Amino acid sequence: MSVGTHPTFENSPPGTVLTSPPDGSAVDRATGAARRVVDALLRTDRGNANLARVAEELNSIAEHLEEHAPAVAERLIDMWNGEGVTRHDPVTGPENALAPPLVLEGLPDGSVRGTVTLTIPYQGPPGHVHGGVSALLLDHVLGVANAWGGKAGMTAQLSTRYHRPTPLFEPLTLTGKLISVDGRKITTAGDIRTADGQVCVSVEGLFVDKSVPRPR
């Protein structure tokens, strides 16, 4: 993540939204509908007699979208045009059907926080969040925390501790905060907690002050 024009706690008021929430645009509505489809496919009765028709209709929709898709290189340039927050990442991106999406806000102590309820598509153990999903979410939260703290870097190491199973279908609070900077090394920590404050997953990340060139 490049800090660019990304808000920081030194130049923005507490409660500043640091991610790009859904804005009601056609692409956001279509992406939201795709999330519903993924969830519904996992929940529907396997004996649903209409699944063959559903497959045909979904393939037809995919073909229509692919007909209007530019070359990958061109699309990447469009995705990364400008500075600041993105709309396509798999954690907070409203244009990415893989994202819950999580909305994060900046707090006056330099930390970031967001609340999300995860459902069946994110399941690992029965009724609980997949451990890899938890790590993905927290890696991104730490990256946003770095930007809120005025730094940017790439993940070099993510030390993850799983304290207890993380429940699906319940509000989860994710937090992250930049802890220290030592030259190009950035240390950031965060966790996932249940509504009653129990820590499910905690992480400490080591980031290196380096960025990947944007497509041009």
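Going by full-length UniProt numbering, the first residue of the sequence shown is number 1, and it counts up by one from there.
C-beta: ideal position from N, C-alpha, C; glycine also.
For clarity, every value in this text was computed on a predicted model and none was experimentally measured.
Identity of the residues DSSP links to residue i by a beta bridge
i, result
"Val203", "Thr160 and Gly190"
"Asp209", "Beta-bridge pairing links Asp209 to no other residue."
"Asp182", "Lys185"
"Thr155", "Phe207"
"Pro171", "Thr117"
"Val17", "Glu105"
Helix, strand or coil at residue i according to DSSP, with G and I counted as helix
i, result
"Arg113", "strand"
"Pro126", "coil"
"Ser134", "helix"
"Gly176", "strand"
"Gly143", "helix"
"Pro215", "coil"
"Met1", "Its pLDDT being 49, under 50, Met1 is placed unreliably in this model, and the value from its coordinates should be taken loosely. Here Met1 sits in coil by DSSP."
Among the options, the one whose alpha carbon lies nearest that of residue i
i, options, result
"Asp139", "Thr16, Pro100 and Ser202", "Ser202"
"Ser159", "Ile120, Phe207 and Arg193", "Phe207"
"Ala195", "Glu170, Pro215 and Thr187", "Glu170"
"Arg43", "Gly190, Glu95, Gln123 and Ser211", "Gln123"
"Ile61", "Ala34, Arg87 and Ala40", "Ala34"
"Leu76", "Cys200, Leu65, Glu67 and His88", "His88"
"Thr19", "Pro215, Pro100, Leu65 and Leu41", "Pro100"
"Gly15", "Gly32, Thr92, Leu107 and Asp78", "Leu107"
"Asp78", "Glu95, Trp148 and Gly47", "Glu95"
"Gly190", "Leu104, His68 and Gly47", "Leu104"
"Lys210", "Gly143, Ile192, Trp148 and Val17", "Gly143"
Is it a yes or a no for the region 118-138 touching the region 177-185, going by three-plus beta-carbon pairs under 8 Å?
The region 118-138 makes no contact with the region 177-185, as fewer than three CB pairs between them are under 8 Å.
Validate contact between the region 148-155 and the region 56-71 using beta carbons, cut 8 Å, 3 pairs
no
Considering only residues of the region 19-99, which uninterrupted beta strand (DSSP E) runs meet the minimum length of 3 residues and lie entirely inside it, listed in chain order?
none
Inspect the CB distances between the region 159-177 and the region 107-115 and report whether three or more fall short of 8 Å.
yes
Stretch-stretch touch, CB-based, cutoff 8 Å, three pairs: the region 25-35 with the region 159-170
Result no; under three Cβ-Cβ pairs closer than 8 Å.
Contact between the region 67-74 and the region 8-24 (3+ Cβ pairs under 8 Å)
At 8 Å Cβ cutoff, the stretches do not touch.
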